[in-house]
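Asks: Below you will find the structure I want to go over with you.
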Amino acid sequence: MDPSCLVSTLQADGGATCKQQPQEGSLSVYKIPLKEEHINIKGCKSFTFGEQSTKPNRTIMVLGATGAGKSTLINGMINYILGVEWKDSYRFKLIDEGQSTSQAHSQTSEVTAYKINHQEGFKIEYSLTIVDTPGFGDTRGIDRDREIVEQLRNLFHADNGVTEIDAVCFVVPSALARLTPSQKYVFDSVLSIFGKDVAENIRILVTFADGQRPPVLEAINVSGVPCPKTDKGLPVHFKFNNSHKEKNKRRNGN
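Read in full-length UniProt numbering, the sequence shown has 27 at position 27, and its numbers run on one by one without any break.
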């Protein structure tokens, strides 16, 4: 898919399937057009993008504390998949990041599955289902965290829910010096839902990262969270610099 062709389609559509979002600097931002699938699973929603593909599907679940940068990271994934480059004057959004003005509350209340059906020109050779979870550890406390875990159980145990998982992605800020009780609870809960074997499929996604070793990696080791390790004994991880949005604003004088 040529992402500029998708932009032209969305502009010509006149907003019937995709609303243009507020600009970020000089960037035009478009919300990905989604079709809701009615799955009737308590606390869960499901959406699809594009037509059904014959390509294989991969499923990842993305979890993180409120304010960890999870929504920004998922939107970054979508732009990569669609082939958007840094120099392009537009971006796409799968998830609205500005639904709440408070970082103390999760912006998402349901566990939501987004199936991105493969199209010609994608940067990946498969369809991708992203299971996005509400942020853990907000001001509503552990009871809310338990509700989220129950929502996940509902989605993965229902006959018409999500039936496979290829990777469990934990989003954590780089500077975090120790895991919170809520984060430890999330790790333990995932193991209880999927079994201990899923530990080999855990990946750490480090946000707000620079060129240095993220302190959060040592925090994960100290906590004893089971996950694959590198040759240096660090959790297998990927670093993301969420500050690119601020750079865009500064670059354009805003």
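The beta-carbon is built from N, C-alpha and C at its ideal position, and this holds for glycine as well.
I need the straight-line Cα distance from W86 to Q151, nearest angstrom please.
Replies: Stepping through the sequence shown from its first residue, residue 86 is reached at position 86. Stepping through the sequence shown from its first residue, residue 151 is reached at position 151. Between W86 and Q151, the C-alpha separation is close to 36 Å.
Asks: Using C-beta distances below 6 Å, list every residue in its chain close to P226, excluding the 5 sequence neighbours before and after it, in chain order.
Replies: Here residue 226 refers to the residue found at position 226 when the sequence shown is read from its first residue. Hits under 6 Å: A199.
Asks: Determine the closest residue to I148 out of F92, D88, V172, I193, with distance taken between C-alpha atoms.
Replies: For the purposes of this step, residue 148 is taken as residue 148 along the sequence shown, with counting starting at 1. Nearest option by C-alpha distance: I193.
Asks: Would you list the one or two residues that DSSP bridges to G64?
Replies: Taking the sequence shown and counting its residues from 1, one reaches residue 64 at position 64. V171.
Asks: Any idea if I124 is buried or exposed, counting beta-carbon neighbours within 10 angstroms, 16 or more meaning buried?
Replies: The residue labelled residue 124 in the question sits at position 124 within the sequence shown. The residue is exposed, with fewer than 16 neighbouring Cβ atoms inside 10 Å.
Asks: Looking only at C-alpha atoms, which of K239, A167, G69, F92 sits nearest to E57?
Replies: Translated into positions along the sequence shown, residue 57 becomes position 57. With the sequence shown as reference, residue 57 is identified as Asn, and Glu is not the correct amino acid for it. Among K239, A167, G69, F92, the Cα nearest to that of N57 belongs to A167.
Asks: Which same chain residues end up closer than 8 Å to G233 when comparing Cβ atoms and leaving out the 5 residues on each side of it in sequence?
Replies: Taking the first residue of the sequence shown as position 1, residue 233 is located at position 233. Hits under 8 Å: N221.
Asks: Would you list the one or two residues that DSSP bridges to K115?
Replies: Translated into positions along the sequence shown, residue 115 becomes position 115. K115 pairs with T48, T129.
Asks: For K184, which residues from the same chain have a beta carbon less than 7 Å from its beta carbon, with the 5 sequence-adjacent residues on both sides left out?
Replies: As a working note, residue 184 is residue 184 in the sequence shown. Within the same chain, K184 has close Cβ partners S223.
Asks: Going by C-alpha distance, which of C5, R178, S46, S28 is nearest Q119?
Replies: Translated into the one-based positions of the sequence shown, residue 119 becomes position 119. Checked all of C5, R178, S46, S28; the closest Cα to Q119 is C5.
Asks: What's the call for A104, buried or exposed, on a 16-neighbour Cβ count within 10 Å?
Replies: Reading the sequence shown from its first residue, position 104 is the one you call residue 104. Note on A104: pLDDT 39, under 50, position unreliable in the model; no value is reported.
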